[in-house]
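Below is one structure; the comments refer to it alone.
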Amino acid sequence: MNVQIRKVALTVLLLFGVLFLNLNWLQLVQAEKLANDPRNRRLLFAEYARERGAILSADQVTLAKSQPTPGSALKFLRVYETGELFAHAVGYYSVRFGREGLERTHNDELSGKGGVITVQDLGDRFLKGSERGDLLVLSIDSRVQQAARDALGSRKGAIVALDPVTGQILTMVSRPSFDPNPLSQHSSSGQETAYRSLVAAPDAPLANRAARRTYPPGSTFKVVTAAAALSHGRGVDTAYPASRQYTPPQTDKPMSNFGGGTCGGAMADALRVSCNTYFAQLGAELPEGALEETARAFGFGERPPIDLPAVASKLPTEDELESPAFAAQSAIGQFDVAATPLQMALVAAGIANNGKVPEPRMVREVQDARGAVIEQTRPEVWKEAVSAEIAQSIKEMMVSVIEAGTGRSAAIPGVRVAGKTGTAQVGVTGEDTLAWFIAFAPADAPRIAIAVMVEGAGDPRNETGGRLAAPIAKKVLEAHRQVAGW
Amino acid sequence: MIAARRNTEASLLVIAASVAAGGYALALLGRGRPLGSGVLAYGAVFGLAYLFAHLGIRRIAPASDPLFLPIAALLTALGFVMISRLESPTGSPGLAAAQMRWLVVGVVAMVAVLHFVRDIRSLSRYRYTFAVAGLVLLLLPMLPVIGQEINGSRLWIRIGPLTFQPAELGKIALVLFFAGYLSERRELLAVATRRVGPIGVPEMRHFGPVLLAWAISLLVMTNQKDLGSSLLFFAIFVAMLWMATARPVYLIAGGTMFAIGAFAASRVFGHVGRRIDIWRDPFEDPDGPGFQLVQSLFSLATGGAWGTGLGLGRPDLIPAVTTDFIFAAIGEELGLVGALAVLTSYALFASRGFGLATRCRDDFSKLLVAGLTTALALQTVLIVGGVTKLIPLTGITLPFMSYGGSSLLSNFVLVGLLLRASDQTARTIDAGPATELNVPAGGGR
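Taken in sequence, the protein lines are chains A and B.
For the first sequence, position 92 (counting from the first letter as 1) is numbered 267 according to the working numbering, and the numbering increases by one without interruption.
For the second sequence, position 98 (counting from the first letter as 1) is numbered 106 according to the working numbering, and the numbering increases by one without interruption.
Here's what the structure looks like:
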């Protein structure tokens, strides 16, 4: 019988060996995927157990904070007291649906996993069992944000403004917006209901139109075209005769001016009235690759290095731009040119900042739970788009747009504002418009660069950059002026 | 030598009791609770219980293997730590205290077994009694008044405030019956009277009582929807039969019957089919029937190599974590290292058991020890395998660790029987080869 007993024993031990191997395989091969599976709530629960850091505006308004919830399985509740106002900037924090916005990009600091361990952190670890997250202070002033949101009213669109020298974002509004609070509630089914209804909503309230959607920039792109021309052998006195239409070579489709007008002359005149025929011709006759090169020098084709989820703005392909017709259309911001409002604001900032496009940043400084500053954002240059001289020339042209051109409704008494209007045709037959406006002020020592994009609601005559977008920008500029004092 | 054994046992038991107290304390700290008087209280109870067991063994089974009790004690202590960590005022209050009470009962029962059974072979006399007792215990839950249906299976009885799973003790009784019957009838069952091809087949009538007992137990278990126990029981039966007779025909027949049975079960019983589907892909419906296994896998994965630490993981997210899935809780909080250590403890226990079986001098002891060891080892393999998605899940408990008084009690009785056999065998061996034990008809091999 011993023989049989030994065999059974061996079999049993073999079975244990298989269990052993299975456990090891589970750990070595499968564990990482399982541990990070979004349906595995353990890591999220662990995060929820920490006091997540707060997010404050530049004027110390609490935008997001973790409220302790005694008696609940999740120890803290993420509360967004400003609700919709900062929704796209700050984002949301949901156990089921993950994180968005700053909650996502700065998750390490907010959840206390940031690399810097202070004495405070060590104390927390021993006494409280876990660290408190770090606190973020944004560069957005809530008053400017409110003004921007009010200026947009009930329209759909986006507003982005930044400091052209430091790159700090001064406002970021996208409408329609949403209330992030239901997404961070403790009830899992409540979160699901809220999320599903937001996803199903017709106008995509969850989408951050300022940084994650691209739109044809229309005539605001003429700034880039002008820069390209000036950087590639053209001068401010490059002139074309006044005309009503321009037909690019190799095509028989004429391009006309807005409202059927006639315009021409030198570059400044053309820019002031936003002359399509001028810029179309200018663009068609640029050396090969010039427009693309300058556009890329402003950041097109690349995701802006902002600490928020963002997408790159798009250009037509090199081959497409070889066709004069396409080049002409691109030169006036149509065809396949598609920009985020953030990118267009960066264009304005680049011109404002002597040709250097700054790196955009939402967070101004990071503090630990006690308030000591751990990190301060330092300004960085992202792209050197054009030379300082060219920037200066364009700046003057943009000033005249406001003083005497299509951007008059953005003029602020006592301040030299520089800007450019744009009205993009969208839709199958171009029946819808997007009203654009980019600007910076004061022209000589710029403190703010802005881009406004408003979706038209079916009244193309009146929904132009000059009539719709520029007044909105003016309100934001004035609000910032009041807060920042310039 | 005997003294050395007992001293080893004593030191190991001290470690086991410390694990109980220390683990409990760590789990409290991990959950951010203050250390209360519970640490000392539980530590004291564990210490005293193990002390009592140890002293009992010193007196009445001094030559027994020093590892059986400490391993059981350690596993029980770990299980207790996990259970106390998992209990909550809203979820399952009082589990730890209940488990501890059952530990005390189990230890007392173990010592009682040692006390009343001085010669393990004497149990062979009562084999038919054990058969009847075993079947009765299995059938008890079917009775109207005291029978209880919980979670769709009818396995429990309630007498007053106590709920009990008689099948656990019934299992031990039936192993005792098989050991007695098979050791007596070994030769008859092994002799091949006919041949089917290359395989010899013994007389059918000798199978009779055994098959009947087995068939009834299986019927009872499938009726009560306890298919995990059916499988376990079947495997133990086939293993014991084979060990007794060395006839491959039993293995083949057993394997075939199992295959047919499993197939039939998966068709007839909806939830068996479901269990197999869940095993194949628990993520197909991770919030539905697959939830338990999915959470178990998440648990083990999140634990990593070293675990999250006691009290710092979320094993409470797994349903039935204090019973079937306690191993996953170990995996999460004590990591791969902890899980492997636990597995190694069971394997060590099994190898000591099988080693003892080979050293036993008479057939009954051999079969009994081998059968009991197989029972414990296979039960462990089945539940750990199910929890780690190696095999479909079966609703059986992890010996010593899962919450459950009946399981704890029957497993300590098992330990008692092993200790008695071990003590007896060791003294026989020490006394020299000239000492012959009375061997029942059939001879020893």
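Even glycine gets a Cβ: it sits at the ideal position worked out from N, Cα and C.
query, result
"Given B:Ser307 as reference, the closest of B:Asp295, B:Phe124 and B:Gly321 once Cα atoms are compared", "B:Gly321"
"Beta-carbon gap between A:Ala233 and A:Ser352 smaller than 7 Å", "no"
"Three-state secondary structure (DSSP) of A:Thr237", "strand"
"Terminal residues of the beta strand (DSSP E) in which A:Lys531 lies", "Lys531 to Pro533"
"Residue interval of the beta strand (DSSP E) (run including A:Trp611)", "Asp607 to Ala616"
"Under 7 Å between C-beta atoms of A:Gly332 and A:Val629", "yes"
"Coarse secondary structure for A:Ser314, derived from DSSP in three states", "coil"
"Beta carbon proximity, B:Thr402 to chain A, threshold 7 Å", "no"
"Limits of the beta strand (DSSP E) - the one that B:Thr171 falls within", "Leu170 to Phe172"
"Short Cβ contact (7 Å threshold) for A:Gly138 with A:Phe396", "For chain A, the structure presents residues 176 to 661; residue 138 of chain A sits outside this window and is missing."
"Alpha helix (DSSP H) segment containing B:Thr310, residue limits", "Phe299 to Gly311"
"Exposure label - B:Asp438; buried when at least 16 CB within 10 Å", "exposed"
"Identified DSSP bridge partners for A:Cys438", "A:Ser418"
"Where B:Thr366 meets chain A, residues with beta-carbon distance less than 7 Å", "Asn177, Ile180 and Arg181"
"Nearest to A:Phe195 (by Cα), restricted to the options B:Asn231, B:Ser410 and B:Gly339", "B:Gly339"
"Beta-carbon contacts of A:Ser363 that lie in its chain and below 6 Å, excluding the five residues immediately before and after", "Arg271"
"C-alpha gap between B:Leu384 and B:Glu195, whole angstroms", "27 Å"
"Amino acids of chain A, ordered along the chain, whose beta-carbon sits closer than 8 Å to that of B:Val389", "Val187, Leu190, Phe191 and Leu194"
"A:Met519 to A:Ala506 span [Cα, whole Å]", "14 Å"
"Backbone CA spacing between A:Pro480 and A:Leu517 [nearest angstrom]", "11 Å"
"Residue range of the unbroken alpha helix (DSSP H) whose run includes B:Met251", "Leu235 to Thr253"
"Sequence-distant residues of its chain with Cβ nearer than 7 Å to B:Ser72 (five each side left out)", "Ile65, Leu427, Ser430, Asp431 and Ala434"
"Pair within 7 Å by beta-carbon distance, A:Ile334 and A:Val627", "yes"
"Residues near A:Leu373 by beta carbon distance below 7 Å, same chain, minus five either side", "Phe353, Pro380 and Leu381"
"For B:Gly31 and B:Val115, believed in contact at Cβ under 8 Å, the rounded distance", "Actually they are not in contact, since the Cβ atoms of B:Val115 and B:Gly31 sit about 19 Å apart, beyond 8 Å."
"7 Å CB neighbourhood of A:Leu185 in its chain, flanking five on each side removed", "none"
"Length of the line joining the Cα atoms of A:Val448 and A:Gly328", "27 Å"
"Pairwise C-alpha distance: B:Val144 and B:Val377", "23 Å"
"Per-residue contacts from A:Phe220 into chain B (C-beta, under 7 Å)", "Arg322"
"Reduced DSSP category for B:Ala273 - H, G, I as helix; E, B as strand; rest coil", "helix"
"Cβ pair count under 8 Å reaching 3, the region 442 to 458 of chain A against the region 569 to 580 of chain A", "yes"
"A:Gln662, DSSP secondary structure in three states", "Since the displayed chain A opens at 176 and closes at 661, residue 662 of chain A lies outside it and no answer follows."
"Nearest-angstrom beta carbon gap, A:Ala322 and A:Lys650 [assumed within contact, 8 Å]", "6 Å"
"Beta-carbon proximity list for B:Ala25, same chain, < 8 Å, skipping 5 on both sides", "Gly51, Phe54, Gly55, Tyr58, Ala81 and Ala85"
"Residues sharing a beta bridge with B:Ile338, DSSP", "According to DSSP, B:Ile338 bridges with nothing at all."
"Cα-Cα separation between B:Pro256 and B:Phe60, rounded to whole angstroms", "45 Å"
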